[in-house]
Every structure is written in C-alpha cells, then in structure tokens.
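Counting in our numbering, the sequence shown runs from 10 upward without gaps.
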Amino acid sequence: MPARKRNLLRTLALVFGILGPGFVTASAGNDVGGIATYSLGGAAFGYSILWILIPLAVALIVVQEMATRMGTVTGKGLASLIRENFGVRISFFAMLGLFAINLVITASEFAGIATASEIFHISRYIAVPISVFLVFFFILRFDNKIVERTFVGLSLIYLAYIVSAVLAHPNWVAVAHGTFVPTVDFKNAAYLITVVGLIGTTISPYMQFFLQSAVVDKGTHAGSLGLARLDVIFGSILAIALAGFMIIANAATIYVAHRHGTQFHLEQAADFALALKPLAGPLAASIFAFGILNAGLFTATVLPLSTSFVICEALGFEAAVDRKFKEAPVFFTLFGAGLIVGAALVLLPNVPLLKLIFYSQVAQGILLPPELVLMLLIINRSSVMGRYTNGPAANIIGWATVAIIGSLALFFTAQQLFGVR
C-alpha cells in the first residue's frame, strides 16, 4: 500500500476514533423534526435564513462543551446535578417538561420512518413495528462501545444531504449572501416562529441530558477532556453545515418554484423529498428520503435513551447501556415504553404530522432557556466543578444565548396569546 494512502487511512482512523458522544449528540439534532424545520425554513424564506446558523453554531459548541465538561468532571448526569443542587421539586418539573417533549419528538421520528418508508413502497404498518423491535434489541444486546460506533456511522450518513443540495443547483452567490448578510424580519410572525423552531431543533433540551449521560457512561476523565472538546467542536460544526445544506436544497427548489406560482402540499417531512423529485430529479429526492429514514431510526434510538437516562438519574435508578436488563430493569423498561408509545401515536389515523413535528421544535426552543440557566448556575459553582468552572468567554456566550433565546420565546408567546407585534 502506498505511503500516502496508508497515512490517509491512519488519519481517518484517528478522526473516527475521536468521534464520540459530542459528534453523535450534535448529529442527533438533525433528526426528522430538524429536517422538517430546516426544510420549512428554506422553502418559506429561501437562502435569507442561512445566517442564523452561524450564531447557532457558536451557541451549540459552547452549550455542548459545558455539558461534556460537567459530565467529565463530576461523573454525574445533568439530571442528577439538577436534583442535588436545586432540589427534587425543580428537578421534577424539569424532567416532566423534558419527558412530554421527548415523547412527542419520538413520535415525530417514527413519523419520519413511516412516511419515508412509504416512498420506497414499504407500508408504515410494517416499517414502524420492525424499527421498534430492531432498536430495542440493538440497545439491549450490544455494549456502549458498539452502540457509540454505530451511532457515529449513522451520523455520517447525513453527508448525503450535501449531494442532495448540489443536485438542486442552487445559486451559490445567493447562498453566500444569505449566510453572511443577516436578514431580520421580526415583524413577520411566521419568520419568528421559524427562528424559534430552528433554535429548538439545533440546541434541543434533551441533547444536553443525553450528551452528559453518554460522557459519564463512556467513562471520560479529565485527562481526555481536550479530545472530548474536539469531538464536540467537530460534531457541532458538521451538524450545522449539514443543516445549511438541507435549507439550501429546499431554497433552491421549493422556494424558487413557489415564487413562480407552484404550490406544494407539505404535511409531513417526507413531502419535501417528494417535492424535490420534479425540481431536482429522482436521485436528489431518494437521497433526501433516505436521509429522513436514517434520521428517524437514529434519533428514535437516542431520544428514548435520553428520557430513560434522565428519569433514572433523577430518581436514583441504575442507568447504563452496558448493563443487562435484570441489572437495570427500570432503565430498559422506560426505553421500551418510549419506543412503543411514540410508534403507536404515529399509527393513529388523521394525525397532523408536520404540525406536530414543527411545533415540537418550537416548544423545545421555549423550554431551552430554563435548562441553560440551571446549567450555567451549576457549572459556575466551584464546589461542584473545582477548577473547571466557566471562564469569562463561555459565560458571556452562555448568558447571551439565554437572553436572546428567552427574548425570542417570550415575544413569540406574546404574539400567539395577545397578538403583540
């Protein structure tokens, strides 16, 4: 084997070896709800909404790094730290809100599996039950290392969205303008809802709980914190870039066609793939649909795991993927129940799937600020973090993120309740 090829393979193996919870968690943000929200943003506002991804990337890196650092230093999940530092009452309400949102989002993942499988002529009544069985068996059967490597592999499939965007033949000058020249339209209620939805799907509340629990489950220690940070940074940047390609694919096709008078019937995530077919060709549509199927299967695993970790940590039950069922019965029972309930909701008739998916992302954006406040208060306590408390830069970005997202969420809520403009 030539030396150049051998060095390339060695480099790829090193990069693949570093990738772990941070990369997996950031990729999980590009779930079915994320795909639908990014697609809606591109279809409704074109390239003009791309600029939002840059500040979101900075916020995502800072928030995910905090969760990684907290898990590494304390050896505890976020739910445990909230309970220990703020008491059972606050912990209970935080867990209750997360549980409700996670259940709806799990249903949206199975909605993605159902609708995408039907594009490939497989009935949802076959695809969804098989997916539930495979996901539960996989988590029950394999240890943490195999699960993590599989998650990394599934995350890499998201790269297909780059191909889908290129096949849509976007105007790259307009893409660059939309990315680096902000266009703000906060008088537009639809624009504001979309921004809150983009925030909610990019920095989902469950992601911090899952990431911190995964870091603890992996046994990451302070000596490897640098590699864990690299994992977070790489994963966050790649996830945001792929979100941009999803927006571009829909902006170059559906948005442009809509401006020329073409109307599309968009009720579920897979409808965006179908809409791409006459505009960008069958290959782009198939790639987009396959990405939705992969996203649904991937995040339908991560979300119930996150819920199980959170509840078990908050209540003091054993929680670890490496355990057998008899060693962690509550953990695996909650995981299985989340899968079954989420799948059952999708198989009910006349469920408005796209609205369910989109507004679940908006709800995540509204619930995110309280979670970030708790994280920032904990991570700045030297009694908890020792010398690993936040520095000035992380605190400025963290509190600015809380202020901006909180203001948007309050403004959005006021608009919906009182018609404030």
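Heads up, the beta-carbon is just placed ideally off N, CA and C, and yes, glycines get one too.
From a predicted model like this one, the values you see are computed outputs, not experimental measurements.
Per DSSP, G325 is not a residue of any alpha helix (DSSP H), being assigned neither H nor E. The residues F254, I257 and A258, in chain order, have a CB closer than 6 Å to that of A174 in the same chain once the five nearest residues on each side in sequence are set aside. Here V360 carries a coil assignment [DSSP, helix/strand/coil].
Scanning its chain for C-beta atoms nearer than 7 Å, with the 5 sequence neighbours on each side dropped, one finds around A169 the residues I296, F299 and G300, in chain order. Under the 10 Å beta carbon count, F219 is surrounded by 16 or more other beta carbons and is classified as buried. For W181, the enclosing alpha helix (DSSP H) covers residues W181 to F189.
Your pair T210 and T46 checks out as a contact, with CB atoms roughly 5 Å apart and the cut at 8 Å. Excluding its 5 nearest sequence neighbours in each direction, A418 has C-beta neighbours in its own chain below 7 Å: V205, G374, I375 and P378, listed in chain order. Where I202 is concerned, the enclosing alpha helix (DSSP H) starts and stops at A198 to T211. In the three-state reduction of the DSSP assignment, I131 falls in the coil class, being assigned neither a helical nor a strand state.
The DSSP assignment places 391 to 394 as complete runs of the alpha helix (DSSP H) inside the region 368 to 407, in order along the chain (cut-off: 4 residues). Comparing alpha carbon positions, the residue from I70, G55 and M79 closest to L386 is M79. Pairing T124 with G407, the inter-Cα distance amounts to about 37 Å. By the 16-neighbour rule on beta-carbons within 10 angstroms, Y134 is exposed.
Residue burial annotation: A88 is buried, with at least 16 other C-beta atoms found within 10 angstroms of its C-beta.
For a cut-off of 8 Å, the C-beta gap from V184 to Y56 is around 5 Å, short enough to register as a contact. Our two residues, L49 and L251, have alpha carbons roughly 15 Å apart in a direct line.
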